[in-house]
Amino acid sequence: MVSKNKIIAIVGGMGPASGEFLQTLLFEEMRTKLCIQNDQEYLDTIHCSFGSEIPDRTAFLEGKTSLNPAVPVFRIFQQLEVLSYAYKRPIIGCISCNTFFAPPIFNQFVELWNQTPLQHVQYLNLIKHTANFIFTQFQPGDKVGLLSTTGERKLKVYQNTLEERGLSILHLDLKNQKKLHQAIYEVKRDPFHAYKSHKTILDAISLLLSQGAQKVLLGCTEISLVVNQHGFNSSQHIDPLRIIAQASFKDALLPAESFTC
Numbered sequence: 019m020v021s022k023n024k025i026i027a028i029v030g031g032m033g034p035a036s037g038e039f040l041q042t043l044l045f046e047e048m049r050t051k052l053c054i055q056n057d058q059e060y061l062d063t064i065h066c067s068f069g070s071e072i073p074d075r076t077a078f079l080e081g082k083t084s085l086n087p088a089v090p091v092f093r094i095f096q097q098l099e100v101l102s103y104a105y106k107r108p109i110i111g112c113i114s115c116n117t118f119f120a121p122p123i124f125n126q127f128v129e130l131w132n133q134t135p136l137q138h139v140q141y142l143n144l145i146k147h148t149a150n151f152i153f154t155q156f157q158p159g160d161k162v163g164l165l166s167t168t169g170e171r172k173l174k175v176y177q178n179t180l181e182e183r184g185l186s187i188l189h190l191d192l193k194n195q196k197k198l199h200q201a202i203y204e205v206k207r208d209p210f211h212a213y214k215s216h217k218t219i220l221d222a223i224s225l226l227l228s229q230g231a232q233k234v235l236l237g238c239t240e241i242s243l244v245v246n247q248h249g250f251n252s253s254q255h256i257d258p259l260r261i262i263a264q265a266s267f268k269d270a271l272l273p274a275e276s277f278t279c
């Protein structure tokens, strides 16, 4: 029997800087909750950033590329299974991309998972964890602003789940959505210096708040990255990356079953 905690794995590369930000949030969570005094007290973490292997999610959803991103992402999970045997410890996988959970991608990922079950690796569903958090904060009829890539917006990744529980979702108009999508990709290219794109993102949050949103859901990891850089009022937004960092931390501390080979 292995007494150590589960290993947390960030499945990143979508984009790389936001995966790095998720790792920072994880370490912040550990320092806050565990009162860490040295290197050895951190929970073990793996960061897999294979951006060259994973096609752009919106490009796939729009039919501009044929390889489903689910395929290389599942392949990463298969390699994590190998690592779990090497360390004889279970691994929790966090996929650091909201658009990945659009049905044409995520359903294929689940199908691959069911065809080839992994014994000692699990994944956390970013959308479900975020939605469950929102349901504890809002009542039916409340208004939530939603910012995301255009691909995610078209597939209603968050919208369908939230509207099923009676929440009212506010979007940008199409002109501003186009600007937001372009800004997200500018941030992918230059995460820390695309100041004009940063302003576009922050202005989009302010616009939805001015239209009556009680909070704005940051439905793209690049948006989370930008908002964190600028110290935007945390009471006005919902950050899925922070939610999944907290969820994976809690899960890693739960007792693990005996590791069997």
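By this note's numbering, the letter at position 66 of the sequence shown is numbered 84, and the numbering carries on one by one without gaps.
Cβ coordinates follow ideal geometry from the N, Cα and C atoms, glycine included.
Here the structure is a predicted model, which means the values were calculated and not measured.
With contacts defined by Cβ atoms closer than 7 Å, His-65 and Gln-96 do not form a contacting pair. Assignment of Thr-117 by DSSP, reduced to helix, strand and coil, places it in the helix class.
Note that the segment 178-185 does not touch the segment 84-99; fewer than 3 beta-carbon pairs, one per stretch, sit closer than 8 Å.
Exposure of Gly-81 is indicated by the presence of fewer than 16 other C-beta atoms within 10 angstroms of its C-beta. In this structure, Val-162 sits near Leu-235, with a CB-CB distance shorter than 7 Å. For Ser-186, the secondary structure class from DSSP, reduced to helix, strand or coil, is strand.
Excluding its 5 nearest sequence neighbours in each direction, Asn-143 has C-beta neighbours in its own chain below 8 Å: Phe-119, listed in chain order.
Gly-69 and Gly-31 have their C-alpha atoms roughly 4 Å apart.
With respect to the 7 Å criterion, Leu-192 and Tyr-176 are not classified as neighbours on the basis of their beta carbons.
Distances from the CA of His-199 to each of Lys-22, Thr-218, Ile-262 were compared; the closest alpha carbon is that of Thr-218. Taking each of Tyr-105, Leu-44, Gln-247, Gly-33 in turn and checking the Cα distance to Ile-72, the smallest one comes out for Gly-33.
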